[in-house]
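Number 146 in full-length UniProt numbering belongs to position 146 of the sequence shown; there are no gaps in the numbering.
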Amino acid sequence: MTRDQMLAHLRAADAVAREAAAHGHHPFGAVLVGPDDAILMRQGNIDTLHHAETELARRAAAAYPPEFLWTCTLVSTGEPCAMCTGTLYWANIGQLVYGFEETELLALTGDHPENPTMSLSARIVLGSGQKKIDVHGPFPEIEDELVSVHRGFWQR
């Protein structure tokens with residue numbers, strides 16, 4: 001996947017995040033991209049436990065064989081938390097692309113009870129496993145665009 005394709009898919013995930021926020025959910029979005037660069041699935045955040053990335057990885061694992069998922073990419077607006085990264089790992093999705101780091105999210109959410117952000121990067125979680133999953137992110141050139149939906153959301 002080229003950098004331009006990654007940016008386009010990050011913007012698609014951002015559209016999902018904005019739709020989730022418009023329906024009162026946390027503003028996170030994820031898309032599953034197949035080896036042909038087509039978006040196969042979209043998922044917005046549901047609540048504190050049902051994150052966009054986790055729900056997408058679970059749906060993908062139910063719909064596709066592990067060998068196919070290894071050729072796919074999960075694209076997320078923000079760096080997935082440890083739970084979501086672990087689910088991506090167990091679903092056998094072979095690549096992760098995210099727009100902004102979890103440390104940026106912590107700066108926005110603070111100690112919000114619905115998002116007790118952990119300081120554990122996706123690269124550390126995936127580096128602890130036996131499979132080599134490619135990770136791309138963050139993308140500073142669109143970080144402000146992706147983060148803008150979070151501004152003000154966590155202060156409600």
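Glycine residues also receive a C-beta, built at the ideal position from the N, C-alpha and C atoms.
Computed from a predicted model, the values in this text were never measured in an experiment.
Do residue i and residue j have their C-beta atoms closer together than 9 Å?
i           : j    : result
L120        : C72  : no
S76         : F28  : yes
M118        : E141 : no
E104        : E143 : yes
residue 219 : A12  : Outside the displayed range of the chain (1 to 156) lies residue 219, so it cannot be described from this structure.
R42         : T87  : no
V31         : L7   : no
Y89         : V125 : yes
Sort the options by Cα distance to residue i and report the nearest one.
i           : options               : result
C81         : G152, A91, L49, R151  : L49
residue 157 : G152, L146, D111, I93 : Here the chain comprises residues numbered 1 to 156, so residue 157 is not present and cannot be evaluated.
H26         : G44, L126, T85, F100  : G44
A21         : R11, M6, D47, D37     : D47
W70         : A91, H9, H150         : A91
Q155        : A107, S128, A15       : A107
T85         : Y64, H51, F68, S148   : H51
L53         : H150, A17, S128, G127 : Residue 53 is actually Glu in this sequence, not Leu. If we check each option's Cα against that of E53, A17 comes out closest.
On the three-state DSSP scale, how would you describe residue i?
i    : result
I39  : strand
E120 : Reading off the sequence, residue 120 comes out as Leu, not Glu. It is coil, neither helix nor strand.
F68  : helix
V75  : strand
D134 : strand
V125 : helix
G86  : helix
Look at the alpha carbon of residue i and the alpha carbon of residue j, and state the distance between them as a whole number of angstroms.
i   : j    : result
V33 : L74  : 6 Å
I62 : D111 : Note on residue identity: the sequence assigns Ala, not Ile, to residue 62. For A62 and D111, the distance between alpha carbons rounds to 34 Å.
L96 : G78  : 11 Å
F68 : H150 : 33 Å
Residue i: beta carbon under 8 Å from a heavy atom of the ligand GDP?
i   : result
T77 : The ligand content of the structure shown is nil, which means the ligand GDP is not present either.
Inter-stretch contact at 8 Å, needing at least 3 Cβ pairs: the segment 120-132 / the segment 1-14 = no
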